[in-house]
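Residue numbers (this note's numbering): 1 to 577. Every residue gets a Cβ at the ideal spot worked out from N, C-alpha and C, and that includes glycine. Contents: one structure, followed by commentary.
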């Protein structure tokens, strides 16, 4: 039976931490759908914009204590999205209420927190301060919540339902509204640090907002695609590459991001030999640090790229806001994170007899790609199984982009590469990202050495990829036209399914393609414990249309020929992982 953690560090409780472990001491009114989630101290975190409220908040035992979780939620990785003071004092577009009010933020499915020492203004999970700037950190996209009959379950490392692109568009609109409304600008100028009511304060405020708005307009314009990402998804690879292009040539060279992918789950990620949906990022050596540095590029870290003519010059690397030491610490913390176990104190009890039948079916249908591992084994390691797009049949957009995208070299044209070669006028998108990561890490050799030592200590070695994926000596990018399968421990907490979030529940995933939902709403926190996934009915303003480019729900036709009774048995077993 899954354990609900009920221990809380007293100092965190006194500081107002919403990170209480275990159920709230106050149950709130019957039903309580509009009352809002309450923490252990009985304080309401926020009402819910879509009616998926709860009155209890619980955490599961995943190997972290409250201090580790709280650090992860707001750790500074070097993201510099915008001035901190601007974010804090912006108002909503059509009212005086703060943009960052908890009730408003549930509209984007951010998870709210009370003020704590490392988050004094009570920003939601995943927001972190970097000097006088604010940005995002891993937790924004990799912490999730499941609601069931009035109880909310927070799951560390789970794929968030956050609508990050929608929030970035809202930020742009709020900045524009501040400039367009004299009363808003006056209030903003008076509230910001060092501000006031005079014309000089207002002029300074206007100049600051204009500068920030210019950046947001450019970012949102170049990252606007014909496929809406919506809740729980982003074209993360496309946006990372577009940021790299911004540092080296011109934002006008950006690629349209039309290959949305679900936020991957993080537990056991440091134990994999290869990471990412496409399985292109190795964890051996300093690979984990490079992977996480690439993530920071995508969430608004800044890099000063330099044209180096010689290898000696190139050893100086690129100055950046990326905090490599913090990234190593975060990876080591994630090594302790375990997958969540189905909480039978909150969700309906598992039918063990039915699950036993499902276990046999799992070995027949699934285990060759999705190995079963012991979440409690401190020495556990994961060998990724890579399957070609032509074999697995799922939406090829993300893999195809990475394999084929080429970008202008810009300032790097003619410069020396980390491999000692000269760049031409154009390069692959992956080569550009590799250059930025390698040169940035060169400025912190101590962090790189820590990452290498940790990989060796935990026996993460560079090994040949396993699986049925393309191999072509004449086309080095061929192996990128593939997706990775991983162990399914904790999969019950990772809906929607497939890499692009195109299937709402595990039961739907086991149906033949022509029987899977062609459209479904996503963004509800309320959980369906029978089919295993989020409830997809309601007023949530985003619908996944699988006919749209990047949203295909085809492929992964494994287990689809099972009898319905066997299908339910397999779903029941998946709850036990």
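Among the candidates 354, 180, 107, 289, whose CA atom is the shortest distance from the CA of residue 566? Here residue 566 refers to the residue found at position 566 when the chain shown is read from its first residue. The option with the nearest alpha carbon to residue 566 is 354.
Thinking just about the alpha-carbon of each residue, which of 529, 102, 161, 53 is nearest to the one in residue 349? For the purposes of this step, residue 349 is taken as residue 349 along the chain shown, with counting starting at 1. The shortest C-alpha separation from residue 349 is found at 529.
Since I believe residue 93 is in contact with residue 174 (beta carbons under 8 Å), could you give me their beta-carbon distance rounded to a whole number of angstroms? The count along the chain shown starts at 1 and reaches residue 174 at position 174. The count along the chain shown starts at 1 and reaches residue 93 at position 93. Going by Cβ atoms, the distance from residue 174 to residue 93 rounds to 5 Å, so yes, they are a contact pair.
Looking at the unbroken beta strand (DSSP E) that takes in residue 73, where does it start and where does it end? Counting from one through the chain shown, the residue named residue 73 turns up at place 73. No beta strand (DSSP E) contains residue 73, which is instead part of the alpha helix (DSSP H) from 66-74.
Which residues in the same chain have their Cβ closer than 6 Å to the Cβ of residue 225, if we skip the five residues on either side of it in sequence? As a first step, residue 225 must be located in the chain shown, where it is residue number 225. Hits under 6 Å: 256, 257, 258.
Looking at residue 204: is its Cβ nearer than 9 Å to the Cβ of residue 138? By one-based count along the chain shown, residue 204 stands at place 204. By one-based count along the chain shown, residue 138 stands at place 138. No, these two residues do not count as a Cβ contact at 9 Å.
Using beta-carbon positions only, say whether residue 261 and residue 501 come within less than 9 Å of one another. Within the chain shown, residue 261 is the residue found at index 261, counting from 1. Within the chain shown, residue 501 is the residue found at index 501, counting from 1. Contact: yes.
Quick one: using the 10 Å Cβ neighbour count with 16 as the cut-off for buried, is residue 516 buried or exposed? By 1-based counting over the chain shown, the position of residue 516 is 516. That one is buried.
Out of 65, 70, 78, state which residue places its alpha-carbon closest to the alpha-carbon of residue 328. If you number the chain shown from 1, residue 328 lands on position 328. Checked all of 65, 70, 78; the closest Cα to residue 328 is 78.
Quick check on residue 130: does DSSP put it in helix, strand or coil? Along the chain shown, read from residue 1 onward, the residue named residue 130 stands at position 130. Three-state result, residue 130: strand.
Would you please state the rounded distance, in angstroms, between the beta carbons of residue 518 and residue 535? I believe it to be under 8 Å. Sequence index remark: in the chain shown, residue 518 carries index 518 (1-based). Sequence index remark: in the chain shown, residue 535 carries index 535 (1-based). The Cβ separation is near 18 Å, so there is no contact.
Runs of beta strand (DSSP E) lying entirely within the segment 377-437, each at least 3 residues, in chain order: 385-388, 406-408, 426-428
How is residue 22 classed by DSSP in three states: helix, strand or coil? Against the chain shown, residue 22 aligns to sequence position 22. Since pLDDT at residue 22 reaches only 36, below the 50 mark, its modelled position is unreliable, and the value read off the structure follows with that caveat. Note: residue 22 maps to coil in three-state DSSP.
Here's the rule I'm using: 16 or more other beta-carbon atoms within 10 Å means buried, otherwise exposed. How should residue 200 be labelled? As a first step, residue 200 must be located in the chain shown, where it is residue number 200. With fewer than 16 other Cβ atoms within 10 Å, it is exposed.
Find out if the Cβ-Cβ distance for the pair residue 532, residue 230 is shorter than 9 Å. Residue 532 sits at position 532 when you count from the first residue of the chain shown. Residue 230 sits at position 230 when you count from the first residue of the chain shown. No, they are not a contact pair.
In terms of residue numbering, what span does the alpha helix (DSSP H) encompassing residue 154 cover? Position 154 of the chain shown, counting from 1, holds the residue named residue 154. Where residue 154 is concerned, there is no enclosing alpha helix (DSSP H), although the beta strand (DSSP E) it sits in stretches over 151-156.
For residue 574, I'd like the list of residues in its chain whose CB is within less than 8 Å of its CB, leaving aside the five on either flank, ordered along the chain. Along the chain shown, read from residue 1 onward, the residue named residue 574 stands at position 574. Within the same chain, residue 574 has close Cβ partners 358, 362, 488, 491, 492, 506, 532.
Have a look at 414, 304, 315, 484 and flag the residue whose alpha-carbon is nearest the alpha-carbon of residue 391. The count along the chain shown starts at 1 and reaches residue 391 at position 391. Ranking the options by Cα distance to residue 391, first place goes to 484.
Output the boundary residues of the alpha helix (DSSP H) element that contains residue 289. For the purposes of this step, residue 289 is taken as residue 289 along the chain shown, with counting starting at 1. Note, residue 289: alpha helix (DSSP H), 287-298.
Could you tell me if residue 55 is buried or exposed, where buried requires 16 or more neighbouring beta carbons within 10 angstroms of its beta carbon? Here residue 55 refers to the residue found at position 55 when the chain shown is read from its first residue. Buried, by the Cβ-count rule.
So, under 8 Å CB-CB, residue 305 and residue 248 are touching, yes? Tell me the CB distance rounded to an integer number of Å. On the chain shown, position 305 is the one that residue 305 refers to. On the chain shown, position 248 is the one that residue 248 refers to. Yes, they are in contact, since the Cβ atoms of residue 305 and residue 248 sit about 5 Å apart, within 8 Å.
Counting pairs of Cβ atoms below 8 Å between the segment 61-75 and the segment 105-121, do you hit three or more? yes
Residues near residue 155 in its chain [Cβ-Cβ closer than 6 Å; skip 5 each side]: By one-based count along the chain shown, residue 155 stands at place 155. Excluding positions up to five away in sequence, the list reads 144, 340, 493.
So for residue 302, helix, strand or coil by DSSP? What you label residue 302 is simply residue 302 of the chain shown in a count that begins at 1. Residue 302 falls in the coil class under three-state DSSP.
Give me whichever residues DSSP pairs with residue 320 in a beta bridge. Along the chain shown, read from residue 1 onward, the residue named residue 320 stands at position 320. Residue 320 is bridged to 303.
My parser needs the alpha helix (DSSP H) runs of 4 or more residues fully inside the segment 478-565; what are they? 506-509
Could you compute how far the alpha carbon of residue 389 sits from the alpha carbon of residue 466? For the purposes of this step, residue 389 is taken as the residue at position 389 of the chain shown. For the purposes of this step, residue 466 is taken as the residue at position 466 of the chain shown. If I take the Cα positions, the gap works out to 15 Å.
Backbone secondary structure at residue 577 - three-state DSSP: The residue you call residue 577 lines up with position 577 of the chain shown. Coil, per DSSP.
Should residue 316 be labelled buried (16 or more other beta-carbon atoms within 10 Å of its own) or exposed? The count along the chain shown starts at 1 and reaches residue 316 at position 316. Residue 316 comes out exposed.
At the level of alpha carbons, what is the spacing between residue 375 and residue 338? Position 375 of the chain shown, counted from the first residue, corresponds to residue 375. Position 338 of the chain shown, counted from the first residue, corresponds to residue 338. In a straight line, the C-alpha of residue 375 is about 6 Å away from that of residue 338.
Whose C-alpha, out of 319, 179, 387, is nearest the C-alpha of residue 480? On the chain shown, position 480 is the one that residue 480 refers to. Taking only the C-alpha atoms, the option nearest residue 480 is 387.
Roughly how far, in whole angstroms, is the beta-carbon of residue 601 from the beta-carbon of residue 469, given that I think they are within contact range, below 8 Å? An answer regarding residue 601 cannot be provided, because it is not within the stretch 1 to 577 covered by the chain.
On the DSSP letters alone, give me the boundaries of the beta strand (DSSP E) that residue 219 sits inside. In the chain shown, residue 219 corresponds to position 219, counting from 1. Run containing residue 219: none in the beta strand (DSSP E); it sits in the alpha helix (DSSP H), 199-222.
Please state whether DSSP places residue 31 in a helix, a strand or coil. Taking the first residue of the chain shown as position 1, residue 31 is located at position 31. Reliability of the predicted coordinates at residue 31 is poor, the pLDDT of 20 falling under 50, and no value is obtained from them.
With DSSP as the reference, please indicate the residues paired to residue 258 in a beta bridge. Taking the chain shown and counting its residues from 1, one reaches residue 258 at position 258. According to DSSP, residue 258 bridges with nothing at all.
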